[in-house]
Amino acid sequence: MGNNITTSPVASLDQTPLAGKTLSQLLMRNATEHGAEIAMREKDRGIWQEMTWAEYAEEVIKCAAGLDALGVGEGRAMLVLGDNRIRLYGGLTAAAMVRGFAMPTYSGATLAELKHFADEAPMAAALAEDQEHVDKVMELRAAGCDIPYVIYDEERGLNDYQAPGLLSWTELLQKGEENLAQNPDLRNRLIHQSTPDDPAVFLHSSGTTGNPKGIVLSQRNVISAAWSAREGGSYGEKEEILAYLPMAWVGDYALTVAAAITYRFTVNVPERQETVLRDLREIAPTYYLAAPRSWDNILTTIQVGIENSTRLKQWLYHFFMNKAVAAERRKLERKNAGSFEWLWRRLGEWTVFGPIKDQFGLNRVVHAFTGGEAMGEDTFVFYRALGIKLRQLYGQTENSAFNAIQSADEVQLHTVGRPLPGVTINIADDGEILIKASSVFAGYFNNPAATAEAIKDGWLHSGDAGYLEEDGHLVVLGRVSEVVRTAAGERFVPNYIENRLKFSPYIRDAAVVGANRDELVAMVCIDFEAVGHWAEVNGVPYMSYADLSQRKEVAAILKEAFIRVNAALPETLKLYRFVSLHKEFDPDDGEITRTRKLRRKVVEERYAPVITALYDGSSEVHMTAIVTYETGETSSVERTLLVWEV
Amino acid sequence: MFYRQAGIRHRSYVSDSKLFPIPTDRNLIWFLVLLGIIAPLVVDSLYLNSYVLPWLIWTAAALGLNLVTGWAGQLHLGYAAIMAVGAYSAVHAARFGVPWEFALLIAGVSAAAIGTVFSFAAMRVKGLYLALTTLAMQFVMDWVLSHVPAVTGGSHASLQSPTFKLLGQPITSDAGLYYVAFGWCVIVTIFILNMRRTGLGRALVAVREKDYAAAILGVNSFYYKIVAFATSSFIAGISGALLVATFFFLATPEQFSVNVSIQVLAMVIVGGLASIIGSYFGVALILLMPGITNSLFSAFADYLGLQLNPETLAHIPTAVYGALIIIFLMVEPLGLGKIYNNIRDYFLVWPFDQMKK
Chain E
1 MGNNITTSPV ASLDQTPLAG KTLSQLLMRN ATEHGAEIAM REKDRGIWQE
51 MTWAEYAEEV IKCAAGLDAL GVGEGRAMLV LGDNRIRLYG GLTAAAMVRG
101 FAMPTYSGAT LAELKHFADE APMAAALAED QEHVDKVMEL RAAGCDIPYV
151 IYDEERGLND YQAPGLLSWT ELLQKGEENL AQNPDLRNRL IHQSTPDDPA
201 VFLHSSGTTG NPKGIVLSQR NVISAAWSAR EGGSYGEKEE ILAYLPMAWV
251 GDYALTVAAA ITYRFTVNVP ERQETVLRDL REIAPTYYLA APRSWDNILT
301 TIQVGIENST RLKQWLYHFF MNKAVAAERR KLERKNAGSF EWLWRRLGEW
351 TVFGPIKDQF GLNRVVHAFT GGEAMGEDTF VFYRALGIKL RQLYGQTENS
401 AFNAIQSADE VQLHTVGRPL PGVTINIADD GEILIKASSV FAGYFNNPAA
451 TAEAIKDGWL HSGDAGYLEE DGHLVVLGRV SEVVRTAAGE RFVPNYIENR
501 LKFSPYIRDA AVVGANRDEL VAMVCIDFEA VGHWAEVNGV PYMSYADLSQ
551 RKEVAAILKE AFIRVNAALP ETLKLYRFVS LHKEFDPDDG EITRTRKLRR
601 KVVEERYAPV ITALYDGSSE VHMTAIVTYE TGETSSVERT LLVWEV
Chain D
1 MFYRQAGIRH RSYVSDSKLF PIPTDRNLIW FLVLLGIIAP LVVDSLYLNS
51 YVLPWLIWTA AALGLNLVTG WAGQLHLGYA AIMAVGAYSA VHAARFGVPW
101 EFALLIAGVS AAAIGTVFSF AAMRVKGLYL ALTTLAMQFV MDWVLSHVPA
151 VTGGSHASLQ SPTFKLLGQP ITSDAGLYYV AFGWCVIVTI FILNMRRTGL
201 GRALVAVREK DYAAAILGVN SFYYKIVAFA TSSFIAGISG ALLVATFFFL
251 ATPEQFSVNV SIQVLAMVIV GGLASIIGSY FGVALILLMP GITNSLFSAF
301 ADYLGLQLNP ETLAHIPTAV YGALIIIFLM VEPLGLGKIY NNIRDYFLVW
351 PFDQMKK
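Chains as they are written, first to last, in our numbering: chain E, 1 to 646; chain D, 1 to 357.
Pasting the structure below:
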């Protein structure tokens with residue numbers, strides 16, 4: 001093992017009262033000791049319906065008893081389909097109670113993706129949010145998956161459904177009550193039968209390089225991660241959080257189930273995905289985790305709002321924002337913030353920052369996080385200037401989402417902070433980040449080959465390249481598998497350059513090509529909202545995304561972004577040409593994953609003609625792209641794309 | 001900047017239909033109520049009883065007219081006549097020995113009875129025709145007041161109002177009279193605030209927007225027009241009675257003549273139809289502005305040492321006051337209440353210029 005730096009203090013979960021606990025025991029602890037506190041809130045027709053820990057635990061136990069009656073148990077799985085709902089979260093915990101696999105899915109997943117999930121483990125039931133998702137289960141059944149029972153939450157539109165094993169949530173709870181009445185010892189068994197080594201949740205790797213791999217996190221894994229994150233200062237007890245992240249993403253599970261039960265968070269479930277921003281304001285959470293893209297979106301909304309504002313408001317905004325951003329940059333450079341900084345901060349907070357945070361419900365956020373990928377410096381500094389102590393966190397599905405976080409007052413742009421207590425990080429000789437912690441999973445589900453590759457001698461090989469700085473801060477460069485060389489032998493990580501391109505508000509996605517070539521080139525997808533707004537303001541007419549993407553005015557602003565990125569790149573790694581694609585990368589087309597990570601192979605294959613044109617000196621290329629609609633139908637889009645020189 | 005809305009969430013529909021869901025509004029209201037309560041301590045009694053007291057009573061009266069004109073959409077040019085009915089019935093009842101509490105009630109009921117007669121006109125005619133009909137009724141009332149000595153004692157007579165008493169306690173102090181006016185204004189305001197969010201309020205608005213469309217929705221527009229006229233007249237009657245009991249101390253016919261009717265309508269329109277805060281502003285402008293412009297102008301003239309003849313001194317403030325009304329209505333045709341709301345909106349979306357999508 002290479003340069004062996006162990007950074008964490010010796011600490012572990014086993015020395016705490018949480019040792020040996022399971023989620024069901026912790027849930028019952030909450031119900032008995034803090035039964036009257038609010039566990040869950042869900043917005044229904046504009047009203048926040050509340051549920052205390054006692055009520056929630058009772059509902060989960062009934063659900064677990066019902067699942068027990070349906071035959072969900074050890075070694076059998078329950079597919080969970082839909083957007084965030086209290087009952088789906090309850091179902092996850094209930095499935096863990098009966099020692100089954102709770103397998104949440106992305107609500108936009110295609111049939112093929114779902115079938116891949118459903119074929120992995122024997123399915124005992126499916127828990128669907130509404131009619132739309134029940135239909136998906138029916139399609140899965142038609143495609144040959146054996147799913148005996150389908151439980152649904154929202155009954156609208158399902159009155160006339162005649163399918164075997166279809167039952168509503170209420171009916172499931174009734175079954176559970178009957179089961180509990182018939183077996184007096186069942187309640188006790190449900191609470192105590194699962195062990196820390198039993199599964200908590202069945203998640204999947206993002207699958208950038210192939211089919212997603214099954215990842216079973218044990219109860220010990222997720223509770224340990226929750227503990228580590230708390231010890232590392234990620235959150236305290238009783239935080240208010242908004243459950244809006246996709247349920248199949250590890251971050252959502254780690255927070256809204258594992259950490260929420262362990263540390264008694266109040267979980268607030270928005271009414272619908274479309275109302276998240278408004279519900280965010282009504283909740284004003286104390287803990288907020290969002291992907292860099294979401295932070296960028298809010299930033300864009302703020303900037304567009306200010307551009308459309310009145311003169312006085314604009315002037316005040318720019319006056320205080322410029323001062324705060326400058327002070328924040330000085331702080332990042334470890335210089336003194338400035339002598340009157342406190343005064344501008346106070347006044348700015350009162351006149352501009354406070355109201356902006358209030359508009360977005362971010363005024364109570366104590367712990368603000370971004371994770372998943374790198375964040376643009378401008379965005380990062382903006383939020384720090386706004387007074388939101390935004391931090392980066394680093395983690396993977398394989399180790400329950402929490403590896404390292406930045407501390408609130410010690411932020412550097414290029415690092416992701418120190419490893420959390422209980423997490424040991426080493427760097428392998430080839431630069432790969434290795435992790436040892438009790439939050440690391442036991443292995444990929446039914447995939448010994450992949451497991452052997454990922455876990456060697458108890459160290460999780462994260463697949464990320466990085467290094468530890470002398471002060472213990474971890475720097476993540478990118479995926480090891482993505483490190484490629486140009487024809488001249490220069491090493492680079494395309495993802496690193498792509499992220500820098502994406503810092504431009506006008507670029508939504510980018511794919512940098514250059515492995516074994518003399519020069520680097522890129523394909524970019526414009527951000528329709530930002531570029532569309534820019535076009536409106538600047539009087540550039542356009543009809544559609546495809547049309548807008550090929551305008552020479554748009555190419556000019558994209559070129560500016562490229563020049564800015566080139567300025568920070570070494571001479572050998574400069575980008576020379578680019579094409580603005582006529583459609584966005586779409587998870588339905590397989591070009592990116594559901595968490596919006598680039599599937600490089602697919603993109604390079606599909607856009608091969610474009611790549612050829614980028615290198616052979618032609619000034620345009622005729623491209624046919626296949627578009628997959630949400631229904632699964634496909635059609636092709638033809639377009640002549642222009643090649644631009646940087 | 002001042003309006004913070006994050007974290008306002010509702011756990012029941014009752015909470016969702018709160019009058020003032022935003023804490024800033026609530027705090028402002030409490031501040032104003034507090035100010036109203038301590039006013040006798042901080043405001044000179046001359047100003048308290050010659051400006052603030054009539055302002056409050058006229059606001060209550062204007063809110064009553066706003067109910068029928070602003071919410072129910074029925075033009076009413078005979079409002080002063082209804083107030084006269086209330087004033088005279090109360091004074092007569094009080095002189096007869098009826099306690100003031102009941103005298104006020106009699107004022108309200110008798111005014112409501114006469115006011116309901118007006119509403120029968122509203123069932124047949126709308127808009128300008130209704131305006132003319134109510135105006136005619138105002139003239140009828142004027143004629144009755146000046147030609148039936150049994151009611152008024154004759155056209156030049158005035159009817160002394162007995163000492164105002166509540167619960168047997170005579171109220172004669174400046175502060176006491178002020179509190180009576182303040183209390184009445186608060187009661188009417190609370191009533192109208194709540195009326196807006198009840199079935200009655202919504203039905204009135206439906207009738208205002210289009211009475212036959214309302215009928216299609218199952219709203220009996222005749223019934224609601226009668227209710228609107230009766231309720232508004234009840235408020236008018238008590239306001240008229242209180243005006244006489246706490247401010248004029250005697251009742252004369254010209255206190256409730258046709259130009260008073262037009263003045264109350266002006267208060268409502270300048271303030272803003274169907275606007276509560278607007279009624280407060282409208283009354284302040286119409287009632288207090290002449291006095292204020294007058295004193296401002298004479299002070300200004302003194303300061304510059306201008307020697308103006310009394311004719312000019314009397315007319316220029318009136319012209320300024322007229323110009324002010326025109327300017328306010330040109331800036332915002334929906335009245336002072338709307339101007340207040342515009343300012344509030346400006347701060348509500350601060351630092352943006354509109355609600356974000």
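Glycine included, every Cβ here is placed at the ideal spot set by N, Cα and C.
Every alpha helix (DSSP H) of 4 residues or more that sits fully in the stretch 70-146 of chain E is shown, in chain order, as 86-97, 111-118 and 131-142. For the options Thr209/E, Thr370/E and Ser24/E, the alpha carbon positioned closest to that of Ala54/E is the one of Ser24/E.
Following the DSSP letters along the chain, one finds Met247/E in no alpha helix (DSSP H), marked with neither H nor E.
Bounds of the beta strand (DSSP E) holding Gln49/E are Ile47 to Thr52. The criterion of a C-beta distance shorter than 8 angstroms is satisfied by Thr397/E and Ile215/E. Residue burial is scored here from C-beta neighbours: Met543/E has fewer than 16 other C-beta atoms within 10 angstroms and is therefore classed as exposed. Here the C-alpha atom of Val484/E lies approximately 6 angstroms from the C-alpha atom of Ala515/E. For Met1/D, the C-beta contacts it makes with chain E under 9 angstroms involve Trp350, Thr351, Val352, Gly354 and Pro355, in order along the chain. Here the alpha carbon of Ile147/E sits roughly 37 angstroms from the alpha carbon of Val637/E. Between Tyr13/D and chain E, the shortest Cβ-Cβ separation is below 8 angstroms. A buried status is given to Leu173/E, since no fewer than 16 other beta-carbon atoms sit within 10 Å of its beta-carbon.
In this model, Ser110/D and Ser12/D are separated by some 41 angstroms (Cα to Cα). The beta carbons of Asn499/E and Arg479/E sit about 12 angstroms from each other, so the pair does not count as a contact at 8 angstroms.
CA-to-CA, the gap between Asp44/D and Ile302/E works out to about 49 angstroms. With respect to chain E, the C-beta atom of Gln169/D has no partner C-beta closer than 8 angstroms. For a cut-off of 8 angstroms, the C-beta gap from Ala125/E to Val201/E is around 15 angstroms, too long to register as a contact. Close partners of Thr310/E in chain D (Cβ separation under 7 angstroms): Asp353. Residue Ile269/D holds the alpha-carbon nearest to the alpha-carbon of Ile326/D among Leu287/D, Ser275/D and Ile269/D. The contact set of Ile8/D on chain E, defined by CB atoms closer than 7 angstroms, consists of Glu282 in chain order. Within the stretch 97-124 of chain E, no residue has its Cβ closer than 7 angstroms to any Cβ of chain D. Tyr542/E: not part of any alpha helix (DSSP H); DSSP gives it neither H nor E. Taking 4 residues as the shortest admissible run, the stretch 305-349 of chain E contains the following complete alpha helix (DSSP H) segments, listed from N- to C-terminal end: 311-332 and 341-348.
A direct Cα-to-Cα measurement between Thr24/D and Tyr383/E gives close to 26 angstroms. Shown here, Trp350/D sits in coil according to DSSP, grouped into three states, outside any helix or strand.
In the three-state reduction of the DSSP assignment, Lys62/E falls in the helix class, which pools H, G and I. According to DSSP, residue pairing for Ser407/E in a beta bridge involves Glu410/E. Your pair Phe441/E and Glu120/E does not check out as a contact, with CB atoms roughly 15 angstroms apart and the cut at 8 angstroms. Taking a cut-off of 8 angstroms for Cβ pairs, the stretch 81-95 of chain E and the stretch 214-231 of chain E do not touch, as fewer than three such pairs fall below it. In the DSSP assignment, the residues bridged to Trp644/E are Phe578/E.
Taking every protein chain shown into account, the CB of Tyr629/E has fewer than 16 other CB atoms within 10 angstroms, so this residue is exposed. Unbroken alpha helix (DSSP H) stretches of 4 residues or longer found wholly inside the stretch 186-222 of chain D: 199-209 and 211-216, given in chain order.
Taken in chain order, the whole alpha helix (DSSP H) runs of length 4 or more contained in the stretch 164-194 of chain E are 169-182 and 186-192. For the pair Ile57/D and Ala181/D, the CB atoms are nearer than the 8 angstroms cut-off.
By the criterion of a C-beta distance shorter than 6 angstroms, Val565/E is surrounded in its chain by Arg500 and Leu501, once the five residues flanking it on both sides are discounted.
The beta carbon of Ala72/D sits closer than 6 angstroms to those of Leu204, Val207, Arg208 and Ala228, all from its chain and outside the five residues before and after it, given in chain order. Not one beta carbon of chain D lies nearer than 8 angstroms to the beta carbon of Gln273/E.
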